[in-house]
Amino acid sequence: MIEIDGSFGEGGGQIIRTAVALSAITGEEVEIYNIRANRPNPGLQAQHLNAVKTVAEMTNANVEGLKLRSKRLRFSPGSPKALKTDIDIGTAGSITLLLQCVVPVALFANGTTELTVRGGTDVRWSPPIDFYRFLFVRAISEMGCDVEISLIKRGYYPRGGGVVRVRVKPVRKLSGFFMMEETVNDVRGISHCRGLPAHVASRQANSAREILSEHGYRTDILVETSDENGGGLSESDGYGGERVDRSVRGMSRSRKRKSKEGVGSGITLWRNYKSGSALGEPGKPAEDVGRDAAFSLLRELESESTVDVHLADQLIPYIALSDEHSAFKVREITGHLRTNIYIVEKFLQKKISIKKEESFIIECCD
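Using this note's numbering, read the sequence shown as starting at 1131 and increasing by one per residue.
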C-alpha cells in the first residue's frame, strides 16, 4: 500500500485528486493521512467527497474514511470501468477540480465515459472552464486523449448552477508532451457574464484588448452574455477553426430579471499554452477584471516558458503515465507542481526532473 502525507507541499485537495486518480489507474491501494491538516477547515470537504465517490463507482473501490472533515482516507480500487451518470457537486463547487480526478481514470476505463456535471464553472481557487477546455484538453489531445467538454450553462459563486457535459474515450497509449518552442499566434479569449447587463462582458474584453494591444499582441476575444436561463449571445467569433460550443439554449436578447443562481462574470485569455483569467466581484469595475486577466497573461507571455504555471502541474500525471519523452518550460515552480511530482513518483517508476535555465525545464523520460 502507498502512503501519502496529505499535508505535503501545498497540502490541499490536489493531493487527494491526484493520489486517488493514480490509485485507480495503477490498481495500487493508497492511504492519505493528515488531509488538509494545515488548512483553516481541515479534512475532506464536500467537493472532495464527490470526486472520490465518482472514481470509487468507476472502479468498484473499497473506501474508508470517506466522510466530511475526515483527515484519513484509504482507497482500494478495482479496474476502471466506463461510467454514464449525472453528478451534482452542489452550489458552486468546482466542476474542473472534480474533472481533474475523474478524467484521467476515464481515459483508462473499458469504454466511453459520459458525465453531466452540475456546479461551478467559473469560481475562485480553481481553473475556469475555458482554461480547462481550450488549454488543458487541447494539451492532452496532443498526447492522444479524446476528451470532449460541452459547456451547457455557466455557474458562478456562490450559487453555482453551471452544467457541463463530458465525454471521454479510453486511450490506447499516451504520447509524450514535448513543447520546447512556442509558435506566434494571436491572443484568444472569452469574456462572459450571466444575469448581468451585456456591457459588463464587453467592457472586460475591451479593457483586456487595450492592454494587450499596447504590448504588441493582437487579440480575438469572444464576448458571451447569458440570460437567466443560461442562453448565450456573442459579439464576435473567430478562433481560426477552433470549435467553440456556446450552448445557446433559450437564446434571448431580453433580460427580464437577474438569475437566481450563479450571477457573475469573468474572462479567460490564452495564447498557445499560456493563459490569464479573472473573475468579476461585487463593486469591482469590469475594466479592472479585464485588466487583471491581461496582466496575468502578460506575466506568462513575457517569460521564456512554453506552458503556464497552472497547466504545468496538471500535465505532470499525464507525462508520467506516458512511455514517451516529455519536456516543456515553465516560468515558476509552484507548490502544486512539486506536490504532483511527489505523488507521481510514489506511484510510478518515473523521475521528473527540473532544470533551471532562463525558465524551468520540466522533463520526464522513460
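Note that the Cβ used here is the ideal one computed from N, Cα and C, for glycine as well.
Would Gly1136 count as contacting chain D if we go by Cβ distances under 8 Å? The chain labelled as chain D is not found in the depicted structure, where only one protein chain is given.
On the criterion of 16 or more Cβ atoms from any shown chain inside 10 Å, does Val1148 qualify as buried, or is it exposed? Here residue 1148 turns out to be Thr, not Val, going by the sequence shown. Flag for Thr1148 reads buried.
Distance check for Ala1328 and Gly1241, CA to CA, integer angstroms please. Roughly 42 Å between the two C-alpha positions.
Every unbroken beta strand (DSSP E) within the region 1298 to 1333, with a cutoff of 3 residues, ordered by chain: If we require 3 residues or more, the beta strand (DSSP E) runs fully inside the region 1298 to 1333 come out as 1317 to 1324.
Taking 7 Å as the limit between beta carbons, can you name the residues of its chain near Ile1279, skipping five residues before and five after? Same-chain partners within the cutoff: Tyr1262, Arg1263, Val1267, Val1294 and Val1296.
Could you check how far apart the C-beta atoms of Ser1343 and Ala1331 are, in whole angstroms? I think they sit under 8 Å. So it is not a contact: roughly 18 Å between Cβ atoms.
Report the rounded CA-to-CA distance for Ile1145 versus Ala1338, giving the unit in angstroms. Straight-line Cα distance between these residues: approximately 34 Å.
Leu1265, enclosing alpha helix (DSSP H) - first and last residue: Neither: Leu1265 is in no alpha helix (DSSP H) and is coded neither H nor E.
What is the DSSP secondary structure of Phe1477, counted as helix, strand or coil? Here DSSP, grouped into helix, strand and coil, assigns Phe1477 to helix.
Using a Cβ-Cβ cutoff of less than 7 Å, which residues in the same chain neighbour Ala1212 once the five nearest sequence positions on both sides are dropped? Ala1239, Asn1240, Gly1241, Thr1242 and Thr1243, listed in sequence order.
If we ignore side chains and look at the alpha-carbon of each, how far apart do Ile1463 and Phe1490 end up? Whole-angstrom Cα-Cα distance: 7 Å.
Alpha carbon of Gly1220 to alpha carbon of Gly1290, nearest angstrom: Roughly 8 Å between the two C-alpha positions.
Contact between the region 1165 to 1182 and the region 1224 to 1232: three or more CB pairs below 8 Å? Contact annotation: the region 1165 to 1182 touches the region 1224 to 1232, with at least three C-beta pairs closer than 8 Å.
In three-state terms, what does DSSP make of Ile1132? Strand.
Which residue wins for smallest C-alpha separation from Ile1484, given the options Lys1459, Lys1476 and Ser1153? The option with the nearest alpha carbon to Ile1484 is Lys1459.
Based on the DSSP output, what are the partners of Asn1192 in its beta bridges? According to DSSP, which records beta bridges pairwise, Asn1192 is partnered with Ser1206.
Mind pulling the alpha helix (DSSP H) runs of 4 or more residues that sit fully within the region 1411 to 1460? Look at the region 1411 to 1460 and you find these whole runs of alpha helix (DSSP H), each 4 residues long or longer: 1416 to 1431 and 1439 to 1451.
DSSP on Cys1494, reduced to helix/strand/coil? Under the three-state reduction of DSSP output, Cys1494 falls in the strand class.
Could you give the distance in angstroms between the alpha-carbon of Leu1454 and the alpha-carbon of Ser1305? The residue asked about is misnamed: residue 1454 is Glu in this sequence, not Leu. Distance between the alpha carbons of Glu1454 and Ser1305: 6 Å.
From Leu1445, Val1393 and Gly1143, residue whose alpha carbon lies closest to that of Val1182: The candidate whose alpha carbon is nearest that of Val1182 is Gly1143.
Quick one: measure Cβ to Cβ for Glu1161 and Glu1133, integer angstroms, because I've assumed they're closer than 8 Å. The pair is a contact, with the Cβ atoms about 5 Å apart (cut-off 8 Å).
In terms of alpha-carbon separation, which member of Glu1187, Thr1251 and Gln1479 lies closest to Ser1395? Ranked by Cα distance from Ser1395, the first of Glu1187, Thr1251 and Gln1479 is Thr1251.
Here's the rule I'm using: 16 or more other beta-carbon atoms within 10 Å means buried, otherwise exposed. How should Met1309 be labelled? Classification of Met1309: buried, given that the 10 Å Cβ count is 16 or more.
C-beta contact flag for Gly1136 and Ala1186 at 8 Å: Contact: no.
Going by beta carbon distance, what residues of the same chain come within less than 7 Å of Val1439, once the five residues before and after it are set aside? So the list reads Val1460, Arg1461, Glu1462 and Thr1464, once near-sequence residues are dropped.
Tell me which same chain residues have a C-beta within less than 7 Å of the C-beta of Glu1158, skipping the five on either side of it? So the list reads Ile1132 and Phe1477, once near-sequence residues are dropped.
Sequence-distant residues of the same chain with beta carbon closer than 7 Å to Gln1444, five excluded per side: Excluding positions up to five away in sequence, the list reads Gln1230 and Phe1266.
Report, in whole angstroms, the separation of the C-beta atoms of Ser1456 and Glu1493, which I expect to be a contact under 8 Å. For a cut-off of 8 Å, the C-beta gap from Ser1456 to Glu1493 is around 7 Å, short enough to register as a contact.
Rounded to a whole number of angstroms, what is the C-alpha to C-alpha distance between Leu1196 and Asn1164? If I take the Cα positions, the gap works out to 14 Å.
Just mark Ser1271 as buried or exposed, buried being the case when its beta carbon has 16 or more other beta carbons within 10 Å. Exposed, because fewer than 16 other Cβ atoms sit within 10 Å of the Cβ of Ser1271.
Secondary structure at Leu1152, three-state DSSP: helix, strand or coil? In the structure shown, Leu1152 sits in a helix (DSSP, three-state: H, G or I).
Identity of the residues DSSP links to Ala1222 by a beta bridge: DSSP lists no bridge partner for Ala1222.
So for Arg1401, helix, strand or coil by DSSP? Correct three-state label for Arg1401: strand.
Considering only DSSP beta bridges, list what Leu1409 is partnered with. The beta-bridge partner set that DSSP reports for Leu1409 consists of Gly1396.
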